[in-house]
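Participant: The structure under discussion is supplied below as structure tokens; questions concerning it will follow.
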Ligand SMILES: [Zn+2]
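In this note's numbering, the protein residues as written are 2 to 245.
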């Protein structure tokens with residue numbers, strides 16, 4: 002079987018049979034992959050704690066035909082994020098980010114920009130960023146890199162510049178101004194529009210902190226857009242207070 006080495010983030014793991022685990026990975030070179038980790042449920046196993054959420058590691062993999070489905074042979078951890086992502090203030094936000102990546106990214110497509118964005122988001126989280134603001138940043142950029150994020154600068158109908166408020170189109174492909182607004186229900190205020198515009202040129206470290214109200218609104222709008230575009234529904238948002 003062909004062999005390869007790749008650096009990747011762990012996006013989740015689950016038990017498979019008596020002794021094995023299956024793992025979702027986001028690889029620098031190959032994008033999203035599903036991997037079998039043989040024997041990972043045994044007390045003594047070669048993977049140790051390297052399969053925890055958002056651990057970054059060098060993986061030695063085997064594959065039969067495609068790089069979307071691989072078998073792990075060896076893992077050398079580069080950076081563990083277990084302490085960060087398991088904190089009670091972060092855990093549900095990181096669950097949303099990992100589920101969004103697993104559901105939204107196609108299998109085995111190069112995702113170098115997404116990979117770097119995930120790394121920068123994790124680094125920003127280490128610096129006590131506001132979880133809802135950073136997660137909104139993450140979701141907006143995930144959509145932008147995949148080419149489906151709407152512009153928050155102009156009305157998608159009359160193309161006038163927006164500043165104070167806008168309503169999200171029912172098909173999530175744009176926002177409309179007060180004059181063009183008819184049946185759209187999700188209203189974005191000046192703070193939300195300003196946030197979406199400003200993060201286009203900022204790393205996650207410099208993303209502004211949203212008020213609780215604007216953070217909750219943007220998280221709901223961006224999550225719903227992701228679900229609409231990907232034609233799936235996410236389960237992790239149910240645990241977030243912004244969705245209750
Ligand atoms: Zn308009």
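We put the beta carbon where it would ideally sit given N, CA and C, even for glycine.
Could you check where the beta strand (DSSP E) with residue 243 kicks off and where it finishes?
Facilitator: No beta strand (DSSP E) holds residue 243; DSSP gives it neither H nor E.
Participant: In terms of DSSP beta bridges, what is residue 1 paired with?
Facilitator: Shown here, the chain extends from 2 to 245; a query on residue 1 therefore has no answer.
Participant: So within the stretch 83–132, which uninterrupted alpha helix (DSSP H) runs reach at least 4 residues, ignoring any that extend past its ends?
Facilitator: List check, alpha helix (DSSP H) in window: 83–86, 92–105, 113–126.
Participant: Taking all protein chains shown into account, decide if residue 18 is buried (16 or more other Cβ within 10 angstroms of its Cβ) or exposed.
Facilitator: With fewer than 16 Cβ atoms within 10 Å of its Cβ, residue 18 is classed as exposed.
Participant: Using a Cβ-Cβ cut-off of 6 Å (strictly less than) and excluding sequence neighbours within five positions of residue 4, which residues of its own chain qualify?
Facilitator: So the qualifying residues of the chain are 63.
Participant: Report all residues from its chain with a CB closer than 6 Å to the CB of residue 48; omit the five preceding and five following residues, and keep chain order.
Facilitator: Taken in chain order, the residues that qualify are 38, 41, 76.
Participant: Helix, strand or coil for residue 80? Go by DSSP, reduced to three states.
Facilitator: The answer is strand: DSSP assigns residue 80 an E or B state.
Participant: Straight-line CA distance for residue 177 to residue 193?
Facilitator: Residue 177 and residue 193: Cα-Cα distance of roughly 14 Å.
Participant: Should residue 233 be labelled buried (16 or more other beta-carbon atoms within 10 Å of its own) or exposed?
Facilitator: Exposed is the call here.
Participant: Can you tell me which residues form a DSSP beta bridge with residue 31?
Facilitator: Looking at the DSSP assignment, residue 31 forms no beta bridge with any residue, so it has no partner.
Participant: Quick check: does the Cβ of residue 169 come within less than 7 Å of any heavy atom belonging to ligand 1?
Facilitator: For ligand 1, not one heavy atom lies less than 7 Å from the Cβ of residue 169.
Participant: Going along the chain, which unbroken runs of the alpha helix (DSSP H) with 4 or more residues stay wholly within the stretch 163–213?
Facilitator: Taking only runs of at least 4 residues, the alpha helix (DSSP H) segments lying wholly in the stretch 163–213 are 191–199.
Participant: If I'm right that residue 51 touches residue 27 with Cβ under 8 Å, what's the distance once you round it to whole angstroms?
Facilitator: Not a contact, Cβ separation roughly 15 Å.
Participant: Who pairs with residue 17 in a beta bridge, going by DSSP?
Facilitator: According to DSSP, which records beta bridges pairwise, residue 17 is partnered with 21.
Participant: So which of 230, 237, 20, 213 has the shortest CA-CA distance to residue 134?
Facilitator: Comparing Cα positions, the closest option is 213.
Participant: Cβ of residue 222 within 7 Å of any heavy atom in ligand 1?
Facilitator: Incorrect: residue 222 has no Cβ contact closer than 7 Å to ligand 1.
Participant: So, with DSSP's three-state summary, where would you put residue 51?
Facilitator: Residue state, collapsed to three classes: coil.
Participant: Say whether the stretch 126–146 touches the stretch 219–230, bearing in mind that this needs 3 or more beta-carbon pairs closer than 8 Å, one atom from each stretch.
Facilitator: With a cut-off of 8 Å, the stretch 219–230 and the stretch 126–146 count as touching, because enough Cβ pairs lie within range.
Participant: Does DSSP put residue 246 in a helix, in a strand, or in coil?
Facilitator: The displayed coordinates of the chain run from 2 to 245. Any statement about residue 246 would go beyond what the structure contains.
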